[in-house]
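**Q**
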Amino acid sequence: MIVLHRGVACDALQGLLDALQGTQTTTVELRNDGAFPVEVTLLYDDNQETVDGVIQVTGTERNVTIAAGATESLSRSCDELQAVIIDDADLQLVGELGPEDRSNLLRDGDDFRCGETIVFTFDHSDLILDFAIAVTTQSP
312 MIVLHRGVAC DALQGLLDAL QGTQTTTVEL RNDGAFPVEV TLLYDDNQET VDGVIQVTGT
372 ERNVTIAAGA TESLSRSCDE LQAVIIDDAD LQLVGELGPE DRSNLLRDGD DFRCGETIVF
432 TFDHSDLILD FAIAVTTQSP
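Every position in the sequence shown, counted from 1, becomes a number in our numbering once 311 is added.
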C-alpha cells in the first residue's frame with residue numbers, strides 16, 4: 312500500500328490511490344456553513360473501542376482552518392478510521408475570539424459504516440454565539 316502524508320492535496324491523492332488499489336475508505340467532510348472561518352482539531356483512531364480521553368492522547372490529530380462557506384475533506388482506509396471526533400472547533404470572529412464546540416466521539420459500526428462519508432457541518436445563527444456542529448452520514 313502506498314501512503315502519503317501532508318495536506319489536503321495529498322489527502323485527495325491518497326483517496327485516489329486507495330480507490331485504485333481497491334482499499335475501502337471512509338471520508339470525513341468538514342463543511343463551514345457560517346459567515347466566519349472555523350479552526351478545527353479533528354482526531355481519528357484505528358480502534359473503534361477507544362474512549363474520549365484515550366483518543367486525545369493516542370489518536371491522529373489533524374488541524375485545519377475552514378474558510379466561510381468552504382469545505383475540506385480527508386479520506387482514510389476503513390482500518391485507519393475506526394473512531395473520529397471534532398475535539399475542538401473555534402469560530403474565528405475577531406482574531407482568536409469566538410465561541411467553540413466539540414462533537415461526540417463517533418465509532419465505526421455504531422455511528423457510521425466503512426465507505427460512508429461523515430459530514431461535520433459548522434454553523435451559527437444571526438446571533439453568532441450559538442455556534443454548533445451538526446453530524447450526518449452519507450452512504451456511497
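Where is the CB? At the ideal position from N, CA and C, for every residue including glycine. In this text, all values refer to a predicted model and were calculated from it rather than measured experimentally.
What are the start and end residues of each continuous alpha helix (DSSP H) run of 4 or more residues lying completely inside the stretch 361-431, in chain order?
**A** Entirely contained in the stretch 361-431, the alpha helix (DSSP H) runs reaching 4 residues are, in chain order, 363-369.
**Q** From this set, L416, D344, R342 and T337, which residue's C-alpha is nearest G364's C-alpha?
**A** The residue given as residue 364 occupies position 53 in the sequence shown. Checked all of L416, D344, R342 and T337; the closest Cα to G364 is L416.
**Q** From the DSSP output, in three-state form, read off Q449 for me.
**A** Position 138 of the sequence shown, counted from the start, is the residue given in the question as residue 449. Here Q449 sits in strand by DSSP.
**Q** Specify, as a first and last residue, the run of the beta strand (DSSP E) that D498 falls within.
**A** There is simply no residue 498 to check, as the chain begins at 312 and stops at 451 in what is shown.
**Q** Starting from the Cα of T432, find the closest Cα among Q335, T336 and G345 and give me that residue.
**A** If you number the sequence shown from 1, residue 432 lands on position 121. Taking only the C-alpha atoms, the option nearest T432 is G345.
**Q** Give a yes or no on whether the C-beta atoms belonging to I439 and L404 are separated by under 8 Å.
**A** The residue given as residue 439 occupies position 128 in the sequence shown. The residue given as residue 404 occupies position 93 in the sequence shown. Closer than 8 Å, so yes.
**Q** Work out the CA separation of P451 and F423 for me, nearest whole Å.
**A** Taking the first residue of the sequence shown as position 1, residue 423 is located at position 112. Taking the first residue of the sequence shown as position 1, residue 451 is located at position 140. Their Cα atoms are separated by approximately 12 Å.
**Q** Compare the beta carbon distance of R373 and L392 with 8 Å and say whether it is the shorter of the two.
**A** As a first step, residue 373 must be located in the sequence shown, where it is residue number 62. As a first step, residue 392 must be located in the sequence shown, where it is residue number 81. It is not a contact, given that the beta carbons lie outside the stated cut-off.
**Q** Return yes when the Cβ of Q367 is within less than 8 Å of the Cβ of D401, no when it is not.
**A** The sequence position of residue 401 within the sequence shown is 90, counting from 1. The sequence position of residue 367 within the sequence shown is 56, counting from 1. For D401 and Q367, no; Cβs fall outside 8 Å.
**Q** Return the first residue and the last residue of the beta strand (DSSP E) that T337 is part of.
**A** Within the sequence shown, numbered from 1, the residue matching residue 337 stands at position 26. Here the beta strand (DSSP E) through T337 covers T336 to N343.
**Q** Kindly list the residues whose CB is nearer than 7 Å to the CB of R387, restricted to its own chain and excluding five residues on each side of it in sequence; keep chain order.
**A** Looking up residue 387 in the sequence shown gives position 76. T336, T337 and Y355.
**Q** DSSP on Q359, reduced to helix/strand/coil?
**A** Within the sequence shown, the letter at position 48 stands for residue 359. Coil.
**Q** Could you give the distance in angstroms between the alpha-carbon of G406 and the alpha-carbon of E350?
**A** Mapped onto the sequence shown, residue 406 falls at position 95. Mapped onto the sequence shown, residue 350 falls at position 39. G406 and E350: Cα-Cα distance of roughly 11 Å.
**Q** Between A379 and P410, which are expected to be in contact by the criterion C-beta below 8 Å, what is the C-beta distance as a whole number of angstroms?
**A** Taking the sequence shown and counting its residues from 1, the one referred to as residue 379 is at position 68. Taking the sequence shown and counting its residues from 1, the one referred to as residue 410 is at position 99. Rounded, the Cβ-Cβ distance is 15 Å, inconsistent with contact.
**Q** When DSSP labels each residue in this structure, what does I444 get in the three-state scheme?
**A** Within the sequence shown, numbered from 1, the residue matching residue 444 stands at position 133. Strand, per DSSP.
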